[in-house]
Amino acid sequence: GDSVTQMEGPVTLSEEAFLTINCTYTATGYPSLFWYVQYPGEGLQLLLKATKADDKGSNKGFEATYRKETTSFHLEKGSVQVSDSAVYFCAPYNNNDMRFGAGTRLTVKP
Amino acid sequence: EAQVTQNPRYLITVTGKKLTVTCSQNMNHEYMSWYRQDPGLGLRQIYYSMNVEVTDKGDVPEGYKVSRKEKRNFPLILESPSPNQTSLYFCASSWKRGGTHEQYFGPGTRLTVT
Chain G
143 GDSVTQMEGP
153 VTLSEEAFLT
163 INCTYTATGY
173 PSLFWYVQYP
183 GEGLQLLLKA
193 TKADDKGSNK
203 GFEATYRKET
213 TSFHLEKGSV
223 QVSDSAVYFC
233 APYNNNDMRF
243 GAGTRLTVKP
Chain E
3 EAQVTQNPRY
13 LITVTGKKLT
23 VTCSQNMNHE
33 YMSWYRQDPG
43 LGLRQIYYSM
53 NVEVTDKGDV
63 PEGYKVSRKE
73 KRNFPLILES
83 PSPNQTSLYF
93 CASSWKRGGT
103 HEQYFGPGTR
113 LTVT
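One line per chain: the protein sequences are G and E, in this order.
FYI, the numbering for the first sequence is 143 to 252, going by our numbering.
FYI, the numbering for the second sequence is 3 to 116, going by our numbering.
Here it is as structure tokens:
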């Protein structure tokens, strides 16, 4: 069946550092791809999405590009802030089924 | 304000004592679902509902029940809770099931079964 593999955390960065969180998936067909973020004590919320190959989703300075050839959807941000500290989930959607990765906890230190 | 609410937010109970976690959304969404979140496992779907009176099992339905009598409400029922159901539970809703539709999540219910 479909699956998603996310970079293991936790990830600790200094403010203004560059962030990459890797996500790869296995799926038949062409899934839509999502990144959700969970801030401390809250539910998940959509961060960005891409629905077809080569699409780039972006929001709040985060970006991810749908790479069909490598079945990847890596999350990047050029300069992280303390307020970006959260857990990030990669989630491909395919065939009426959404799968969530295990989550990557990011801590940004001042 | 568009939101998904869950109650209670925290619950400690004992094995075998029936409990219900309520979920309500005010966005007139058709699709609702329940997830549990466990360390290292991400979110796993318990049950989902495509619309009123239409429910189906997700990946980990054992030990849980749901009902969808009204569009806005989707309670999760644990008839006889066991310690392996200790987890963080999230309710979510969206216009349709998946696709490009964003899911809106509740704040979570942390359940401890002793």
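The beta carbon of each residue, even a glycine, is placed where N, CA and C say it ideally should be.
Keep in mind the model is a prediction, meaning the values are calculated, not measured.
With 16 as the cutoff for other CB atoms within 10 Å, does Tyr37/E come out buried or exposed?
Buried, by the Cβ-count rule.
Residues in its own chain within less than 7 Å of Tyr178/G by CB, not counting five upstream and five downstream?
Excluding positions up to five away in sequence, the list reads Leu186, Gln187, Leu188, Leu189, Phe231 and Ala233.
In three-state terms, what does DSSP make of Ser225/G?
If DSSP states are grouped into helix, strand and coil, Ser225/G belongs with the helices.
Can you tell me where the beta strand (DSSP E) with Thr24/E in it begins and where it stops?
Note, Thr24/E: beta strand (DSSP E), Leu21 to Gln27.
Candidates Cys165/G, Glu218/G, Tyr172/G and Arg247/G: which alpha carbon is nearest Val146/G's?
Among Cys165/G, Glu218/G, Tyr172/G and Arg247/G, the Cα nearest to that of Val146/G is on Cys165/G.
Near Glu158/G, which residues of its chain fall below 6 Å by C-beta distance, leaving aside the five closest residues on each side in sequence?
Cβ within range, chain order: Ser221.
What runs of the alpha helix (DSSP H), each 4 residues or longer, lie entirely inside the segment 28-83 of chain E?
Correct list: empty.
Under 8 Å between C-beta atoms, does Phe231/G make it to chain E?
True, the Cβ-Cβ gap to chain E drops below 8 Å.
At a Cβ cut of 7 Å, what residues of the segment 196-209 of chain G count as close to chain E, listed as they run along the chain?
Cβ contacts with chain E: none found.
Return the CA-CA distance between Tyr84/E and Lys194/G, expressed in angstroms with no decimal places.
It is Ser, not Tyr, that sits at residue 84/E in the sequence shown. Distance between the alpha carbons of Ser84/E and Lys194/G is about 42 Å.
Report the neighbours of Phe107/E on chain G: residues whose CB is nearer than 7 Å to its CB, in chain order.
What Phe107/E touches in chain G: Gly185, Leu186 and Gln187.
When you compare only the Cα positions, how much space is there between Lys20/E and Cys93/E?
Their Cα atoms are separated by approximately 19 Å.
By the criterion of Cβ-Cβ separation under 7 Å, what are the contact partners of Ser104/E in chain G?
In the sequence as presented, Ser is not what sits at residue 104/E; that position holds Glu. In chain order: Leu188.
State yes or no: is the C-beta of Thr114/E within less than 8 Å of the C-beta of Pro77/E?
Not closer than 8 Å, so no.
How about Gly151/G: is its C-beta nearer than 8 Å to some C-beta of chain E?
No, Gly151/G does not count as interfacial toward chain E.
For the beta strand (DSSP E) containing Glu218/G, name the first residue and the last one.
That run of the beta strand (DSSP E) goes Leu217 to Lys219.
Could you tell me the alpha carbon to alpha carbon distance between Glu132/E and Asn75/E, rounded to whole angstroms?
As shown, chain E starts at 3 and ends at 116. That puts residue 132/E outside it, with no answer to give.
Taking only beta-carbon positions, decide if Phe76/E is within less than 8 Å of chain G.
By this cut-off, Phe76/E is not an interface position.
Give the residues of chain G in contact with Leu13/E, contact being defined as C-beta atoms less than 9 Å apart.
Chain G residues near Leu13/E: none, gap ~16 Å exceeds 9 Å.
Quick check on the burial criterion: 16 or more other C-beta atoms within 10 angstroms. Buried or exposed for Lys71/E?
The residue in question, Lys71/E, is exposed, as its Cβ has fewer than 16 Cβ neighbours within 10 Å.
By DSSP, does Pro10/E sit in helix, in strand, or in coil?
Coil at Pro10/E, not helix or strand.
How many angstroms separate the CA atom of Asp61/E from the CA atom of Thr111/E?
In a straight line, the C-alpha of Asp61/E is about 19 Å away from that of Thr111/E.
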